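Protein chains in written order, with our numbering: chain A, 283 to 489; chain B, 283 to 489.
We treat Cβ as the ideally placed atom computed from N, Cα and C, and that holds for glycine.
Note that the coordinates shown come from a computational prediction; the quantities given were computed from them, not determined experimentally.
Below is one structure, written out as C-alpha cells, with a few remarks after it.
Number of protein chains: 2
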Amino acid sequence: MSPDRFPSKLLENAVNEFARLPGIGKKSALRLVLHLLRQEKEEVVQFGNTLIKLRSEIRHCRICHNISDTPTCDICNNPTRRGSLICVVENIRDVMAVENTHQYSGLYHVLGGIISPMDGVAPSDLEIDSLVRRVEAGGIDEVILALPTTMEGDTTNFYIYRKLKSLGVAITTLARGISIGDDLEYTDEITLGRSILHRTDFEKSLK
Amino acid sequence: MSPDRFPSKLLENAVNEFARLPGIGKKSALRLVLHLLRQEKEEVVQFGNTLIKLRSEIRHCRICHNISDTPTCDICNNPTRRGSLICVVENIRDVMAVENTHQYSGLYHVLGGIISPMDGVAPSDLEIDSLVRRVEAGGIDEVILALPTTMEGDTTNFYIYRKLKSLGVAITTLARGISIGDDLEYTDEITLGRSILHRTDFEKSLK
Chain A
283 MSPDRFPSKL LENAVNEFAR LPGIGKKSAL RLVLHLLRQE KEEVVQFGNT
333 LIKLRSEIRH CRICHNISDT PTCDICNNPT RRGSLICVVE NIRDVMAVEN
383 THQYSGLYHV LGGIISPMDG VAPSDLEIDS LVRRVEAGGI DEVILALPTT
433 MEGDTTNFYI YRKLKSLGVA ITTLARGISI GDDLEYTDEI TLGRSILHRT
483 DFEKSLK
Chain B
283 MSPDRFPSKL LENAVNEFAR LPGIGKKSAL RLVLHLLRQE KEEVVQFGNT
333 LIKLRSEIRH CRICHNISDT PTCDICNNPT RRGSLICVVE NIRDVMAVEN
383 THQYSGLYHV LGGIISPMDG VAPSDLEIDS LVRRVEAGGI DEVILALPTT
433 MEGDTTNFYI YRKLKSLGVA ITTLARGISI GDDLEYTDEI TLGRSILHRT
483 DFEKSLK
C-alpha cells in the first residue's frame, strides 16, 4: 500500500506507529487504527495516555530488576516468599512464566538479557554484578539458573556459575528433559539423549 | 495468564489496552508492551500522542465522508478528478483499495457501513440521504455501486438504486467474475455461473 494514498496524514502517522511494532504489518496497522477511530474519543485518549504513562513511570525493582511500580517490587517485598532462594531469569516474561506455574515461592533476579557476542551483549550489559553482590551480601542458600537452553543461555549460565561458585551457595538449573505431553519420536535427539543419561527414579518422578 | 501475576499495574493497564484491539490476545499484547518498554521514551510518548491526536483531530470530508485532515478531502478538492462520477463504497479502506488500482479518477461517497438488520444498521445510520442530496444537486452523470458482494451489500445496492433511479443518472456496479489468476476449478459455482452468463467479448477483454 503506497503511503501517498492515505487520505489523512493523522491516519498515516498512526498506521506507521503501529506498523513499527513487531509482527504488525501495514495492513494490520490500518485495521487497528480504523478500529480505534470507531471507538469513543475518551477510550483512545486513555489508550494513548496509558502508553505514555507506562514508558514514563515504570521502574525496575532495585533488588531483582523486575518491572515494578515501586522502588522494590511486590515479590521482593512479600515477606511470605523464601528470601534465601533466587531464580535467575533473562527477562520479565520469564518471571511471569515461572509465577504462573504457582510452583515457586523464592525471589528472582532479572538479568535483562543473556550474553550474546553476536548481538553485542557483554556480561557488563547485564545485571550480573548486582547478582554477585546480592549473593555476597549473605542470606542466600541457592541460586537457580533458569536461562534459555541455547548456546547463549549456556554461556551465561557458565559465566554466572564461575562468579558464584566460591561464594558457598548451591547453584542449580532447571531440569531438562522431554516436555510433558511430547511424543518420543518428535523429541530432538539431544533432549532425548540427555533425558536418558539423566533418567530419574520412577517413584520420585510420580511426585 | 492470570492478571494478578503482572508485576506492575502500569504494565497490566498497557497490556489490557492492546488486548482490546481486534486480533490481539493477552500474550501478543504483552510482547508489544515489552517491546515499547525497550524503546526510547520519546518514541513511546510520540506513539501515545499520535493516537490521541488521531482520534481528537481527524475529520470526515463534508462532501464524501472519507477521512480527512481538512473540511473537504484531498480527493474532493482535486480539480483534475472527474467530478461527475461517484463511486459508492462501504468504508475508507475501500476508498484506499480503489485508489491503489490507479484505475479510477472520479469521486467517492463513503456510506460508513452497509444495511444490516442483523447488526442493527438501518439506512438512516448510513450516509445515503447525503448521497441522494449530492446527486439531486446536479452535475453527476454516473454512480458506481462498489459495495461488498454479500446479501447486505446487495440489499444496500438495491436500496440506493431505488432512491436514485428517478434522478436521471447512470447507476452501475463493479464487474463480477473470476478473479485474475484464479483457477476455474477453485471458483465457486455462483461466480462461475454468473461469469458464463455475463461473458464478455474477447477483444474487449484484452483491453
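Cutoff 7 Å; reference residue i; Cβ partners in own chain excluding five residues on either side
i	result
L293/A	V315
L446/A	V414, V417, V425 and I453
P405/B	I397 and Y441
L449/B	V417 and E418
P285/A	Confidence is the limiting factor: at P285/A the pLDDT is only 42, short of 50, which leaves the residue's position unreliable, though a coordinate-based value still follows. Same-chain partners within the cutoff: E294.
V451/B	V417, I422, D423, E424 and V425
Enclosing alpha helix (DSSP H) for residue i [first to last residue]
i	result
R375/B	I374 to T383
A452/A	Where A452/A is concerned, there is no enclosing alpha helix (DSSP H), although the beta strand (DSSP E) it sits in stretches over A452 to T455.
S366/B	Where S366/B is concerned, there is no enclosing alpha helix (DSSP H), although the beta strand (DSSP E) it sits in stretches over R364 to V371.
Y441/A	M433 to L446
E294/B	K291 to A301
Q328/B	K323 to E339
A419/B	Here A419/B belongs to no alpha helix (DSSP H), and DSSP marks it neither H nor E.
S398/A	Where S398/A is concerned, there is no enclosing alpha helix (DSSP H), given that its DSSP letter is neither H nor E.
E471/B	E471 to L479
R320/B	K308 to R320
Presumed contact (8 Å Cβ cut-off) between residue i and residue j, rounded CB distance
i	j	result
I460/A	T469/A	5 Å
A296/B	L336/A	4 Å
L319/B	I357/A	Wrong, their Cβ atoms sit about 18 Å apart, outside the cutoff.
T431/B	R458/B	7 Å
L333/B	F329/A	6 Å
K323/A	S338/B	6 Å
R313/A	P304/B	7 Å
L466/A	L474/A	7 Å
Where the beta strand (DSSP E) containing residue i begins and where it ends
i	result
T352/A	Looking at the DSSP string, T352/A is not in any beta strand (DSSP E), and its letter there is neither H nor E.
E409/A	Taken as a continuous stretch (DSSP letters only), E409/A belongs to no beta strand (DSSP E), as it is neither H nor E.
L389/B	G388 to V392
E424/A	E424 to L427
Near the ligand SAH: residue i beta-carbon under 7 Å from a heavy atom
i	result
G402/B	Here there are no bound small molecules, and the ligand SAH is not part of this structure.
Sequence-distant residues of its chain with Cβ nearer than 6 Å to residue i (five each side left out)
i	result
S398/B	E434
M283/A	Any answer about M283/A is weak, because its pLDDT of 41 lies below 50 and its placement is not dependable; what the coordinates show is given next. Excluding residues within five positions, the ones whose Cβ falls inside 6 Å are K308.
L427/A	V370, N439 and T455
D401/A	none
Same chain, Cβ closer than 8 Å to residue i, five either side skipped, listed in chain order
i	result
E409/A	H347, H391, V392, L393 and G394
I374/B	N348, I349 and V392
I345/A	T354, C355, C358, L389 and R416
Worksheet item: For the region 355 to 374 of chain B against the region 420 to 435 of chain B, are there 3 or more C-beta pairs whose distance is under 8 Å?
Response: Yes, the region 355 to 374 of chain B touches the region 420 to 435 of chain B.
Item to complete: May I ask you to verify whether the region 384 to 396 of chain A touches the region 358 to 365 of chain A, counting CB pairs closer than 8 Å and requiring at least 3?
Response: Between the region 384 to 396 of chain A and the region 358 to 365 of chain A there are three or more C-beta pairs closer than 8 Å, enough to call the two in contact.
Item to complete: Could you run through the region 298 to 315 of chain A and flag, in chain order, every residue whose CB is less than 9 Å away from some CB of chain B?
Response: Going along the region 298 to 315 of chain A in chain order, one finds N298, E299, F300, R302, L303, P304, G305, I306, S310, L312, R313, L314 and V315 with a Cβ nearer than 9 Å to chain B.
Worksheet item: What residues in the region 358 to 387 of chain B have a beta carbon less than 7 Å from any beta carbon of chain A?
Response: The residues in question are I374, R375, V377, M378, E381 and N382.
Worksheet item: At a Cβ cut of 7 Å, what residues of the region 333 to 353 of chain B count as close to chain A, listed as they run along the chain?
Response: Within the region 333 to 353 of chain B, the residues whose Cβ lies closer than 7 Å to some Cβ of chain A are L333, I334, K335, L336, R337, S338, E339, I340, N348, I349, S350 and D351, listed in chain order.
Fill in: Interface positions of the region 413 to 437 of chain A facing chain B (Cβ-Cβ less than 9 Å), listed along the chain
So the list is empty, because no residue satisfies the distance condition.
Item to complete: Compile a chain-ordered list of the residues in the region 435 to 464 of chain B whose CB is closer than 9 Å to at least one CB of chain A.
Response: Here the close residues number zero.
Worksheet item: When you check each C-beta in the region 395 to 415 of chain B against every C-beta of chain A, which residues fall closer than 8 Å?
Response: None of the residues of the region 395 to 415 of chain B has a beta carbon lying less than 8 Å from any beta carbon of chain A.
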